[in-house]
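S.K.: Sharing a structure here in C-alpha cells format.
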Amino acid sequence: MKRVAAPHLGTIKMRLTCPFCGERDHQEFTYRGDASATRPPMDNGSIEDHNTYVFDRTNPDGEHRELWNHTSGCRMHMVVTRNTTTHKISNCEPVGPWTKALGGKS
Ligand SMILES: [Zn+2]
C-alpha cells in the first residue's frame, strides 16, 4: 500500500483511540487515505474509473472517514471519522481481521 502523508496538523495535537491499544498521539499512526473511496472492479476496463479512484479526491469540510494504521503500535488498520475543520475524532473502528474480534462494524 502506498504511504500517504498525514493531514497537515500544524500545532494541533490530535489523539487517536486505537481499538486495541487505547488513546495515543497521532504521530504513532500513518494516514493511509480516504476510507470512502471505492475501488472499481478489476475487470472494469475503464481507465477513467481507475484514474478517478486513484487521483480524484474531494476536500470535505466536516466529518470524513479516513484509513489510518497504528504503525508504531499494534499495526492495526482502522477507520477514523475525523472533522477536517476541528480535527475532532468522533469514531475509530477496526477494519480487517480484527473487526469481528473487537466488535467493530464490517
Ligand atoms: Zn494499536
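Note that my numbering has the sequence shown beginning at 17, numbered continuously upward.
Backbone N, C-alpha and C define an ideal beta-carbon position, used for all residues, glycine too.
In this text, all values refer to a predicted model and were calculated from it rather than measured experimentally.
What residue range does the alpha helix (DSSP H) around His66 cover?
M.R.: His66 -> alpha helix (DSSP H) spans Ile63 to Phe71.
S.K.: Just how far apart, CA to CA, sit Glu79 and Thr46?
M.R.: Rounded to the nearest angstrom, the two C-alpha atoms are 19 Å apart.
S.K.: Roughly how many whole angstroms lie between the Cα atoms of Ser122 and Ser106?
M.R.: Interpretation of Ser122 is limited by its pLDDT of 49, a score under 50 that renders its predicted location unreliable; the figure taken from the coordinates is listed afterwards. Near 18 Å, if we compare the C-alpha coordinates of Ser106 and Ser122.
S.K.: Beta-carbon distances below 6 Å to any heavy atom of ligand 1 define the shell here; list its residues in chain order, please.
M.R.: This criterion selects Cys34, Phe36, Cys37, His86, Gly89, Cys90 and Met92.
S.K.: In angstroms with no decimal places, state the Cα-to-Cα distance between Pro35 and Thr54.
M.R.: Near 24 Å, if we compare the C-alpha coordinates of Thr54 and Pro35.
S.K.: Around the C-beta of Glu82, are 16 or more other C-beta atoms found within 10 angstroms, so that it is buried, or is it exposed?
M.R.: So Glu82 counts as buried.
S.K.: Asn75 and Arg48 look like a contact to me (Cβ under 8 Å); what is the Cβ gap, rounded to whole Å?
M.R.: Actually they are not in contact, since the Cβ atoms of Asn75 and Arg48 sit about 17 Å apart, beyond 8 Å.
S.K.: Just list the residues that DSSP pairs His93 with in beta bridges.
M.R.: Its beta-bridge partners are Asn85.
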